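Engineer: Quick note: the sequence shown uses the numbering used here, first residue 19, plus one each step. Beta carbons: idealized from backbone N, C-alpha and C, even for Gly. Nothing here was measured: the structure is a model prediction, and the numbers come from that model. Take this structure first; my questions come after.
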Amino acid sequence: MTKFEVTTLNEFILKSQSKYPEAQGDFSHLLHHVGIAARIVNREVNKAGLVDILGEAGEINVQGESQKKLDVFADEHFIDAIQGCGEVCAIASEENENFIIYDDEASRNGKYVFLMDPLDGSSNIDVNVSIGTIFSIYRRISPVGERATIDDFLQPGTAQLAAGYILYGSSTMMVYTTGQGVIGFTLDPSIGEFCLSHKAITTPEDGTIYSINEGNYRKFPQGVKKYIKYCQKKDAASLRPYSSRYIGSLVADFHRNLLKGGIFIYPETESAPNGKLRLLYECNPIAFLAEQAGGKATNGLIRTMEIKPESLHQRTPFYTGSKNMVDKVEEFLQAYPEEKRNNKKKSSIAIEE
Ligand code: P6P
19 MTKFEVTTLN EFILKSQSKY PEAQGDFSHL LHHVGIAARI VNREVNKAGL
69 VDILGEAGEI NVQGESQKKL DVFADEHFID AIQGCGEVCA IASEENENFI
119 IYDDEASRNG KYVFLMDPLD GSSNIDVNVS IGTIFSIYRR ISPVGERATI
169 DDFLQPGTAQ LAAGYILYGS STMMVYTTGQ GVIGFTLDPS IGEFCLSHKA
219 ITTPEDGTIY SINEGNYRKF PQGVKKYIKY CQKKDAASLR PYSSRYIGSL
269 VADFHRNLLK GGIFIYPETE SAPNGKLRLL YECNPIAFLA EQAGGKATNG
319 LIRTMEIKPE SLHQRTPFYT GSKNMVDKVE EFLQAYPEEK RNNKKKSSIA
369 IEE
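Dropping the structure here:
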């Protein structure tokens, strides 16, 4: 009789505490509370079609996007759950212009700051497409006991202690890293626990999936256009043409490519020179996961996690996924740098069309 061993998120966190210096009691306690908030949001996401939680919340968020009720629900519940653990002194969210300082005694002595996109891809809520929560955790820079400052949040991605996402899909998964590889947990609704399902996620160095919103093709940099044509060209040796897969939900697109191999691109365009995605609470956490799984994440030129943040909601072009695929698109970007695009000067490097 094989013993069916279930390791819950909390058991895994406790076991990790002894193995890794950072997974001390307080840090583990924080991860446990992320799991609690995830289960609360998951409950509402799963019945979103049945209760009056669909549709607009009537508010506009700091991004100028109409807030869906589930956006607001997720934001509020993560803010409350993270405060509840008493380890975090302040929290920043895509849904709020400024970071929020927790003013209770325990949180004031919290050693960490928490950043999140509480419900990414929320435009997909009403059409039952997978959505996600993305989070990133740093050790605070400001002295414990004092008020948090913006500098606690404007740290480069390389300083992240932990990062992860919750994917509300056909099943609900929590995937995170603390710098010791990438672990995946799948929610078992029958017991209401996240159970270890992916002990060590690694991403293939090569893939045959490219994910980009080709509706914006006209506005893309020349190098991206050349890369798309490269992906579409028939070449049996390199398994091309690749498949185009784009859900329009970063967590869902990234998660598929992470497991199967592939590249996700949200590039700069003439109208949006820094792209659309946010550095601090979308790209840096995803970049941490990508690198920990053996993949890569850049802005087309430098490591995403080495970008020095200037503001809470700043955007960055984002190229992430299988290492060799990110390398290849960077080759095209270097062969067709934007400044040459205007005089149509052919690249000196003969890049395959
Ligand atoms: P577009 C969702 O709104 C989101 O922030 C990401 O989840 C997703 O990857 C991207 O925007 C989709 O943007 O412009 O292709 O619809």
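(1) So, at 6 Å on beta carbons, what are the nonlocal neighbours of L49 in its own chain, with the 5 sequence-adjacent residues on each side left out?
(2) In chain order, what residues of the same chain lie with their CB nearer than 6 Å to the CB of I93, ignoring the 5 residues before and after it?
(3) The ligand P6P: which residues have Cβ under 5 Å from any of its heavy atoms, chain order?
(4) Are the region 285-292 and the region 254-264 touching by the rule of at least three beta carbon pairs closer than 8 Å?
(5) What residue does the alpha helix (DSSP H) around D375 start on, and which one ends it?
(6) What are the uninterrupted segments assigned as beta strand (DSSP E) that are 3 or more residues long and contained completely in the region 111-145, given in chain order?
(7) Between H47 and the rest of its own chain, which residues show a CB-CB distance below 7 Å, the 5 nearest in sequence each way excluded?
(8) Determine whether the beta carbon atoms of V63 and G150 lie at a separation below 7 Å.
(9) Which residue's Cα is closest to the Cα of E223: G339, V52 and V59?
(10) For G225 and G279, what's the separation of their Cα atoms in angstroms?
(11) Where does Y260 fall in DSSP's three states?
(12) Within the continuous alpha helix (DSSP H) that includes D345, where are the two ends?
(13) Can you give, in chain order, each stretch of the beta strand (DSSP E) that sits fully within the region 209-257 and has at least 3 residues?
(14) Compare the Cα-Cα distances from P285 to each of A315, S125, I155 and S189 and report the closest residue.
(15) Can L133 and S154 be called in contact, C-beta distance under 7 Å?
(16) Find the nearest neighbour of H331 within the set G266, S215, R296 and N231, judged by alpha-carbon distance.
(17) For P161, count neighbouring C-beta atoms within 10 Å of its own C-beta (all shown protein chains included) and say buried if the count is 16 or more, exposed if not.
Structural biologist: Short version:
(1) The sequence position of residue 49 within the sequence shown is 31, counting from 1. Excluding sequence neighbours, L49 sits near I31.
(2) By 1-based counting over the sequence shown, the position of residue 93 is 75. First, the residue type needs correcting, since residue 93 is Asp and not Ile in the sequence shown. Result list for D93: S111, E113 and P136, in chain order.
(3) Qualifying residues come out as D138, G139, N231, G266, S267 and L268.
(4) Taking a cut-off of 8 Å for Cβ pairs, the region 285-292 and the region 254-264 do not touch, as fewer than three such pairs fall below it.
(5) The structure shown does not extend to residue 375, since the chain spans only 19 to 371, so no value can be given for it.
(6) You should have 130-138.
(7) Walking along the sequence shown from the start, residue 47 turns up at place 29. Contacts found: C103 and E105.
(8) Translated into positions along the sequence shown, residue 63 becomes position 45. Translated into positions along the sequence shown, residue 150 becomes position 132. For V63 and G150, no; Cβs fall outside 7 Å.
(9) The residue given as residue 223 occupies position 205 in the sequence shown. Nearest neighbour of E223 by Cα position, chosen from G339, V52 and V59, turns out to be G339.
(10) Reading the sequence shown from its first residue, position 207 is the one you call residue 225. Reading the sequence shown from its first residue, position 261 is the one you call residue 279. Pairing G225 with G279, the inter-Cα distance amounts to about 4 Å.
(11) Locating residue 260 in the sequence shown gives position 242, where the first residue counts as 1. Y260 sits in coil when the DSSP states are folded into three classes, being neither helix nor strand.
(12) As a working note, residue 345 is residue 327 in the sequence shown. Counting along the chain, the alpha helix (DSSP H) containing D345 begins and ends at K341 to A353.
(13) Listed in chain order, the complete beta strand (DSSP E) runs (minimum 3 residues) inside the region 209-257 are 211-216 and 227-229.
(14) Here residue 285 corresponds to residue number 267 of the sequence shown, with the count starting at 1. P285 has its Cα closest to that of A315, out of A315, S125, I155 and S189.
(15) Numbered from 1 along the sequence shown, position 115 holds the residue referred to as residue 133. Numbered from 1 along the sequence shown, position 136 holds the residue referred to as residue 154. S154 is positioned such that its CB atom lies closer than 7 Å to that of L133.
(16) Here residue 331 corresponds to residue number 313 of the sequence shown, with the count starting at 1. Selected option, being the one with the closest Cα: R296.
(17) Counted from its first residue, the sequence shown places residue 161 at position 143. So P161 ends up on the exposed side.
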